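Student: I'd like to ask you about the structure that follows.
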Ligand SMILES: Cc1ncc(C[n+]2csc(CCOP(=O)(O)OP(=O)(O)O)c2C)c(N)n1
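Protein chains in written order, with the working numbering: chain R, 2 to 190; chain B, 139 to 757.
Structure representation (structure tokens):
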């Protein structure tokens, strides 16, 4: 599995391993909502070279002062397992759940899109928005703001269709996710 | 439960890490805590800090003052329970705290000022993180209302140290101060130990507040798992019992787990009759003089240890982490073995090497359970297989990989260490050894003998030159009557040489045994073998006269240039009553073998004999 070049042999560290296939996973992380907690989580990703695709965070329990961080990250099975354990090691982290591995789950994202089109393009934008069940939340003579929720793929598709119709600005929340059924992700390591 | 844990630790201040309770019990016990009994009112922040230190069992703190910690220094001045050791550089405060922690099993403690004080501490913190040493470091900070304004001596200490601590805190309100300190000590020593920083703005040190004791602090949010899953232990013992070529591979985790872990390890190893090899950090957990100890493994490990690792069929890793200096080339690492990995840190398991069986547990608990299962099931190792395995090991052993060419005229570094060991054997005092980093460190690991845990301090994970002297100072503070020797290199010792002054001030008779080859020996070795003998900046030109240097600081200096003179000088060194440097002028050409060149496997190690045959075609 290890490829070896001239340089690797001279290095103090030996060769880098060849990568296994990469996949995307959604993790739910329950943390104490204290200063620096987000920096700690993000620092772990940057410090260890992991990839974050999306990260959302908000307080979900006011009395216990706990937040839920949803992270979509990509890596080999091995890397994802490491991320899981490394997150679990942080003191303010109470629980880490890999929603992708633990049964089925639902993912949603919200996006706001500003589309500045005229004439036909305006009408076409409204028609497509209707198909995607996007709502118009602001409208001027020269612009619309659409609100759309759905899976990342659905939002991506909507964004692609809006591009030729005058899409000029996007704001996305990143993924929020929850498991199906009775199982819950809650406090407790 | 946290409460009970503490009292136990206090009653038995020996080398023992505190066990945290299973989560279920913690929940129950922490319920009555809610009423929040305030033990003392109307203290200043600084007084709260002192009280919290005392209640966490701190008797010694290593530090250096500055504007942002003056209230704490003022409070220290007005009490008698805690000794403050003034170091000469903050890095040394951290290494001294590490030495103190490693030799006592307690949490080491340091105190530094804001800005440059905190940034100077970073190397020591990182060292403690990589070697899992429990340390709590207090740093001063500018007052809360100035944070973020680039105030004088302001540094974002929590930002800077986030990646080199296990946990860190910025205390902005005096009402959180006591409980933050208690949690810091708890985090530093629980689970996989590590360094914790508490950043203390100056106004918080002055602010009036109430003190809450550790007993009344809720520590339930950090309770790492320490008990093994028994079914996994049974599986592990089954694998061991059916092994034909087993080997124990043990590391610093066993040391961190306390003397009981080392005792149980010894029992298990002798019960099974299996060979054992140890990492650099694990030396001392099992006596190296015993036949079943194959010596250290890894890049400069013994031939027999590395071959046993390569050829084994069952590997039992207890408290080691498959460091790259140990595994060598990964895809050729122990290719035919089933691997069991026992570690307190779940993220260590399957991090580098995939194992058949990973067990999350404190080593002491896992060892106890393994012994119980082995006994209960009346297991016996496969006698014929073991006889063959040992015959093979003895063959590897007969290579005598640590042999070197003796000389009558020039001191070989290995010989110097053999003579040092001979003197230590006769010593009645308790003996502790620390090292700096380089060839001398590897030779010390190869040539000194290790009998018991917590008597060997070396910078393993970070490989920090300048670690040894301050660490020895920390050890000597904790063990005033012991003999503490720092095996040093001429380059490394200069990295924290100013600490001679600390040793003189506090009357610490640390012995610094410099294997002086006038080179950065380890760097030279790599350049010789891998970079075409182009010795780029590895010659330590214009070294000081170490004898005069010791004298200038108020210590004692000796020089020894001939092998005949060694014993006499070592004897002199053992007798001195203050810090002493022995400048041993050793062979400048000697290299450290065996050696596994990087990118090579365990079975491709080179011995000194064939160093000439070293593959230089790459160069
Ligand atoms: C702080 C630090 N800087 C650089 C290094 C890289 N390094 C490792 S060993 C070594 C040479 C050490 O020389 P010396 O202390 O004389 O010991 P010797 O190898 O000669 O025994 C160097 C520069 C290091 N480990 N730590």
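Just so it is clear, CB atoms sit at the ideal spot from N, CA and C, and this is done for glycine as well.
Here the structure is a predicted model, which is why all the values come from computation and not from measurement.
Residue 22/R CB to nearest chain B CB: under 8 angstroms?
Tutor: No, because no Cβ of chain B sits closer than 8 angstroms to the Cβ of residue 22/R.
Student: Shortest alpha-carbon distance to residue 405/B belongs to which of 383/B, 502/B, 458/B, 433/B?
Tutor: The residue with the shortest Cα to Cα distance from residue 405/B is 502/B.
Student: Nearest to residue 507/B by alpha carbon, out of 401/B, 367/B, 393/B?
Tutor: That would be 367/B, whose Cα lies nearest to the Cα of residue 507/B.
Student: Are residue 626/B and residue 578/B closer than 8 angstroms when you measure CB to CB?
Tutor: Contact flag set, yes.
Student: Is the beta carbon of residue 414/B closer than 8 angstroms to that of residue 434/B?
Tutor: No; because the gap between Cβ atoms is not below 8 angstroms, this pair is not in contact.
Student: Can you give me, in chain order, the residues of the region 280 to 309 of chain B that have a beta carbon less than 9 angstroms from any beta carbon in chain R?
Tutor: Residues passing the 9 angstroms Cβ filter: 296, 297, 300, 301, 304, 305, 306, 307, 308.
Student: Using beta carbons (cut-off 8 angstroms, strictly below), is residue 483/B in contact with chain R?
Tutor: Yes, because at least one Cβ of chain R sits closer than 8 angstroms to the Cβ of residue 483/B.
Student: Within 10 Å of its beta-carbon, does residue 103/R have 16 or more other beta-carbons around it, so buried, or fewer, so exposed?
Tutor: With fewer than 16 other Cβ atoms within 10 Å, it is exposed.
Student: Would you say residue 629/B touches ligand 1, meaning its beta carbon is less than 7 angstroms from a heavy atom?
Tutor: Checking every heavy atom of ligand 1 against the Cβ of residue 629/B, one is found closer than 7 angstroms.
Student: What are the start and end residues of the beta strand (DSSP E) that includes residue 349/B?
Tutor: Where residue 349/B is concerned, the enclosing beta strand (DSSP E) stretches over 346 to 349.
Student: Okay, do the region 329 to 346 of chain B and the region 178 to 189 of chain B touch, 3+ Cβ pairs below 8 angstroms being the bar?
Tutor: Touching, yes.
Student: Is residue 525/B close to chain R? Criterion is C-beta to C-beta, closer than 8 angstroms.
Tutor: False, the Cβ-Cβ gap to chain R never drops below 8 angstroms.
Student: How would you label residue 689/B, buried or exposed, when you count the other beta carbons within 10 angstroms and need 16 or more for buried?
Tutor: When all chains shown are included, residue 689/B counts as exposed.
Student: For a test of your reading of the model: does the CB of residue 633/B fall under 7 angstroms from any non-hydrogen atom of ligand 1? Yes or no.
Tutor: Yes.
Student: When you compare only the Cα positions, how much space is there between residue 167/B and residue 161/R?
Tutor: Caution applies to residue 167/B, whose pLDDT of 42 falls short of 50 and renders its modelled position unreliable; the value that the coordinates give is listed next. Near 57 angstroms, if we compare the C-alpha coordinates of residue 161/R and residue 167/B.
Student: Given a limit of 8 angstroms on CB to CB distance, which residues of the region 26 to 39 of chain R reach chain B?
Tutor: Those would be 33, 36, 37, in chain order.
Student: So residue 559/B and residue 586/B are in contact, right, with Cβ under 8 angstroms, and what is the actual spacing, rounded?
Tutor: Their Cβ separation, rounded to whole angstroms, is 5 angstroms, which keeps residue 559/B and residue 586/B in contact under 8 angstroms.
Student: Using a Cβ cut-off of 8 angstroms (strictly closer), state whether residue 60/R contacts chain B.
Tutor: So no, residue 60/R is outside the interface.
Student: Where are the alpha helix (DSSP H) runs, 4 residues long or more, that stay fully inside the region 353 to 430 of chain B, in chain order?
Tutor: Qualifying alpha helix (DSSP H) stretches, in chain order: 368 to 379, 390 to 394, 397 to 410.
Student: Hey, does residue 76/R have any beta-carbon neighbour from chain B nearer than 8 angstroms?
Tutor: No, no contact with chain B.
Student: Are any of the Cβ atoms in chain R nearer than 8 angstroms to that of residue 325/B?
Tutor: By this cut-off, residue 325/B is an interface position.
Student: I'd like the span of the beta strand (DSSP E) that includes residue 691/B, first residue to last.
Tutor: Looking at the DSSP string, residue 691/B is not in any beta strand (DSSP E); the run it does join, the alpha helix (DSSP H), is 684 to 691.
Student: Assuming residue 446/B and residue 531/B are in contact, meaning their beta carbons sit under 8 angstroms apart, how far apart are those beta carbons, in whole angstroms?
Tutor: Right, their Cβ atoms sit about 6 angstroms apart.
Student: With a CB to CB cut of under 8 angstroms and the five nearest residues on each side skipped, what residues in its chain are close to residue 489/B?
Tutor: Once the five neighbours on either side are set aside, the close Cβ partners of residue 489/B are 459, 460.
Student: So, with DSSP's three-state summary, where would you put residue 646/B?
Tutor: Residue 646/B falls in the coil class under three-state DSSP.
Student: Helix, strand or coil for residue 255/B? Go by DSSP, reduced to three states.
Tutor: In this structure, residue 255/B counts as helix in the three-state DSSP scheme.
Student: Would you check whether ligand 1 has a heavy atom nearer than 7 angstroms to the C-beta of residue 205/B?
Tutor: Checking the Cβ of residue 205/B against ligand 1 gives no.
Student: Quick check: the Cα distance between residue 362/B and residue 613/B, rounded to an integer number of angstroms?
Tutor: Roughly 28 angstroms separates the two Cα atoms.
Student: For chain R, find out if any of its Cβ atoms is closer than 8 angstroms to the Cβ of residue 218/B; answer yes or no.
Tutor: Output row for residue 218/B: interface = no.
Student: For residue 359/B, which residues in chain R fall below 8 angstroms Cβ to Cβ?
Tutor: The answer, in chain order, is 33, 92, 93, 95.
Student: Hey, residue 181/R and residue 112/R are a contact pair by Cβ (cut 8 angstroms); roughly how many whole angstroms apart?
Tutor: 23 angstroms between Cβ atoms; not a contact.
Student: Is it a yes or a no for the region 195 to 202 of chain B touching the region 226 to 236 of chain B, going by three-plus beta-carbon pairs under 8 angstroms?
Tutor: Verdict: yes, contact present.
Student: Would you please state the rounded distance, in angstroms, between the beta carbons of residue 299/B and residue 325/B? I believe it to be under 8 angstroms.
Tutor: About 14 angstroms; that fails the 8 angstroms criterion.
Student: In or out: residue 474/B buried (at least 16 other Cβ within 10 Å) or exposed?
Tutor: Label assigned to residue 474/B: exposed.
Student: Alpha carbon to alpha carbon, how far is residue 694/B from residue 426/B?
Tutor: Computed Cα separation, rounded: 32 angstroms.
Student: Sorted by chain position, which residues of the same chain lie with C-beta nearer than 6 angstroms to residue 136/R's C-beta, five sequence neighbours on each side aside?
Tutor: So the qualifying residues of the chain are 148.
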